[in-house]
Amino acid sequence: MVAGLFLGLLLSLSCVLWILLRQRQENILNSTVIAATNCSVLVTDARVSHHPIVSVNPAFLVLTGYAEQEVIGQTTSILTGPDTDRASMEKLAMALQDGWACRVRICHYRKSGTSFWSDVSLSPVKNRRGRVTSVVWTMSEVSQLGQITEAPEKTQGEAIAARRQVEQALRDSEARLDLAVQVGQVGFFEHDHRTDSLSWSPILRDISGVGTDEPASWQRYLELVHPDDRDRVVSTVQRARAMTGNGLHEVEYRLIRPDGAMRHISLRSLTSFDGDGSSRQPVRTLGTVVNVTDRKNVKARWRETARMEAISTFAGGIAHELNNGLTAVLGFSELALPLIPAETKSHRHVGQVVAAAQKSRELIQQLLAFGGQSDHGRCPLLLHSLAKESLRFLRPTIPLWIELRTQIAHATNPISANAMQMHEMMFYLVDHAVRAMQKTGGVLDVQLQNREFVTDQIMPSGRLPAGRYVCLSVRNTGEGLDPQSISRLVDSFATSKTVSEEQGGGLTVVYGIVSAHGGILAVESHIGASATVSAYLPILGACAPSTAQQDDPLPHGHECILFVDDEDAVARFGREVLTSLGYHPVVCRTAVEALEVFQVEPNRFDLLITDRTMPGMSGDRLARECRRLRPDLSVLLCSGSHGVPGLDDVCSQGMTECLLKPLTLHELAYAIRRALDQSPTYPEAMGVPANSGPEPSRISIEVSDAVSPRG
């Protein structure tokens, strides 16, 4: 958005600068140099046939007695009278017509009607093309007609000095304009309607792709305009140049260069007219052309991001409801499965229900990860599973003339990574390869494998320490990159330099992701043959927590646990599974109800398990309120949708662990045991002897049933 506002301001500034250059007479006479001179100075516009006065200085107003608004737009004939010499007037007119410098002594008249003699010098001002655009008149009063003194020589010297100062001011102004044009990459054009001649600036030719050997013409430019935009451009220009038009027009359109590349263009121009009414005709059009393709792309990406955020939010809400239902289906099925004889059909049927529920659970988690709704922190991740899922989403976006080949290892070592960023990395790597083969087609080869290096590896983008890695390589059989392009690409990784999308602009995002995960991005290319981009990600170290196997026996306990969920099915599952594991559950359906129960007897509970999203009060707030009463209380936070805090956030908020629904019997049992084992038991943590009173969890079982009715 900021980039779009800056570009708009730059366009407006460029147009204003050009108009100011066109009307540089005003700028010159408003300068302190001209305003302070003793000579009377006025400027006329040479591009209009009757040479109207466009500016005067204070000395002229004092000499003639006119106010500034009385002379602007008038001709110099307001200074003539009965005694004005016709021959001198014709000499001045001839000089104006031919663009010559001229000096005469002539009788002029003040506003009051009194006459005076003055020496008049005409100095034409030309632009860089040699055309006279304005005329500077310097006038010095001569007190007596025949007086021959050094005053005329002094007047002539002042006129020459003023002219030199004017010319220097013009050169400085044009130099500043050239600098602004180069910085902003603004193309200019000028169309002389009287001669039908058109000139383009070098930047405009570069934008349109038209070489200097090809003459500039309006018809040629229209041929480059996208066919769907051509009529709109023509009608906009015609309306601005019509007799009733204001001369100003602004239009955005698409332009197709001779090399086939498409650019989004913003054009602004101003047309000047001569004459009035039916005789009003366009004289000259000056305009700016700016390539706004990047701005359009940013807007398109912003719209796509907003759309994806809306879809992601919608998917998160649906996932919350689906995961609650899946928790009940998966949980009760897992509870029932051990109770059914293994050789019966019922056991197989329930087993199929469990398998289907687990598959649905994986799909929902992958959908949330792809939509950016997963945990923002890192977690142990098997990249081969994520890569297969990403390629499943990306395959429909790959053109049919590009063949996709995959070599994904069946079991890669786990890495510590953010799932959403890994999906983003996959997208940009595949997108870069597709762009390289967009026109020619070819083979897109994706490989994922474990790699181990016993020594450090030196790569263009950095040093890869010895160790074990998971390597993701994406190879394309496009035209490849030459060494200079690879050098620029690698240079852009560590600097603010930009590269085109065709040369790997998206790889800078991949580089940032890989670097943040402690890895290295390597680029290898053979000009005219292929290019391979490889991401090396370090595997999870020995300090990573080990995960229990599915066949391990479930841990049991005897502690008292407060279980809170607003879904009846999940609440029933919580009661059943906790009871089956030997715990003493207290089940509540709202956070408000749970807080009331906890406030009555805070010493009673060893663990709080709560849903995160509930009406009235969230699970986060419930956990904070309970920990105010019991700072040592362990908390398991469950969520069925987005916004699950990462591990660092969990610790800072006092949560022991976060669980993503749907909850499985195996995961819940081990999470409960971890939470209880790593936290000091109450009341020992508060300095109270363990045998100082009755066992809270066992005494309060009957109260549990009384305060948590509804099933």
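Numbering (this note's numbering), first residue to last: 1211 to 1921.
Built from N, CA and C at the ideal position, the CB exists for glycine as well.
Values in this document were obtained by computation on a predicted structure and should not be read as measured data.
Exercise. Quick one: using the 10 Å Cβ neighbour count with 16 as the cut-off for buried, is I1668 buried or exposed?
Key: exposed
Quiz item: Which residues bound the alpha helix (DSSP H) around Y1431?
Solution: 1428-1434
Quiz item: Would you say A1726 and Q1631 are within 9 Å of each other, going by their C-beta atoms?
Solution: yes
Quiz item: Just reading off the beta strand (DSSP E) that S1740 is part of, what are its end residues?
Solution: 1740-1748
Quiz item: Do three or more CB pairs link the region 1402-1416 to the region 1487-1507 at distances below 8 Å?
Solution: yes
Quiz item: For C1836, which of helix, strand or coil comes out of DSSP?
Solution: helix
Quiz item: What's the C-alpha gap between D1821 and A1629?
Solution: 23 Å
Practice problem: Give the DSSP-derived three-state secondary structure of K1336 in the structure shown. | Solution: strand
Self-check item: Inter-residue spacing [alpha-carbon to alpha-carbon] between L1875 and G1541
Solution: 6 Å
Quiz item: Under 9 Å between the Cβ atoms of V1352 and T1343?
Solution: no
Quiz item: Count the other CB atoms within 10 Å of the CB of S1683; is the residue buried (16 or more) or exposed (fewer)?
Solution: buried
Practice problem: In angstroms with no decimal places, state the Cα-to-Cα distance between Y1746 and E1400. | Solution: 55 Å
Quiz item: Apart from the five residues just before and just after A1565, which ones in its own chain have a Cβ nearer than 8 Å to its Cβ?
Solution: none
Practice problem: In the DSSP assignment, find the unbroken beta strand (DSSP E) run with A1627 in it and report its ends. | Solution: 1625-1627
Quiz item: Taking the alpha-carbon positions, what's the W1310 to L1332 distance?
Solution: 8 Å
Practice problem: Determine the closest residue to G1455 out of P1492, I1730, Y1431, with distance taken between C-alpha atoms. | Solution: P1492
Practice problem: Provide the residue span of the alpha helix (DSSP H) that contains Q1809, from first to last. | Solution: 1801-1810
Quiz item: If we call anything under 9 Å between Cβ atoms a contact, is S1427 one with G1397?
Solution: no
Quiz prompt | Nonlocal neighbours in the same chain, by C-beta distance under 7 Å from I1316, ignoring five residues either side | solution = T1294, D1295, S1298, S1328, V1330
Practice problem: Pull up the DSSP beta-bridge partners for H1459, would you. | Solution: S1479
Practice problem: Under the assumption that L1616 contacts M1647 (Cβ atoms under 8 Å), give the Cβ distance between them as a whole number of angstroms. | Solution: Here the sequence assigns Thr to residue 1616, which means Leu is not the residue at that position. Wrong, their Cβ atoms sit about 16 Å apart, outside the cutoff.
Practice problem: Can you give me the Cβ contacts of L1691 inside the same chain, cut-off strictly under 6 Å, excluding the 5 residues immediately before and after it? | Solution: S1735, A1741
Quiz item: Straight-line CA distance for E1894 to L1772?
Solution: Interpretation of E1894 is limited by its pLDDT of 38, a score under 50 that renders its predicted location unreliable; the figure taken from the coordinates is listed afterwards. The alpha-carbon atoms of E1894 and L1772 are separated by roughly 20 Å.
Exercise. In angstroms with no decimal places, state the Cα-to-Cα distance between R1673 and Q1657.
Key: 22 Å
Self-check item: Reference V1774; option with closest CA among L1805, H1633, S1322
Solution: L1805
Quiz item: Looking at the structure shown, is R1678 part of a helix, part of a strand, or coil, going by DSSP?
Solution: strand
Quiz item: L1691 by DSSP, collapsed to three states: which one?
Solution: coil
Self-check item: Sequence-distant residues of its chain with Cβ nearer than 6 Å to A1739 (five each side left out)
Solution: G1690
Practice problem: Return the Cβ separation of I1723 and P1624 in integer angstroms, given the expectation that the two are a contact with Cβ distance under 8 Å. | Solution: Actually they are not in contact, since the Cβ atoms of I1723 and P1624 sit about 18 Å apart, beyond 8 Å.
Quiz item: Given S1407, which residues of its chain have a CB within under 8 Å of its CB, disregarding the five upstream and five downstream residues?
Solution: H1401
Quiz item: Can you tell me where the beta strand (DSSP E) with Y1319 in it begins and where it stops?
Solution: 1312-1319
Quiz item: Run through DSSP, which three-state label would I1882 get?
Solution: helix
Self-check item: Other residues of its chain near A1567: CB distance less than 6 Å, five sequence neighbours each side excluded
Solution: L1536, V1539, L1540
Quiz item: Going along the chain, which residues of its own chain have a beta-carbon closer than 8 Å to the beta-carbon of L1791, five neighbours each way excluded?
Solution: L1764, P1765, H1766, G1767, A1879, I1882
Quiz item: What do you get for K1871, buried or exposed, if any count of 16 or more other CB atoms within 10 angstroms of its CB means buried?
Solution: buried
Exercise. Consult DSSP for H1736 and reduce its assignment to one of helix, strand or coil.
Key: strand
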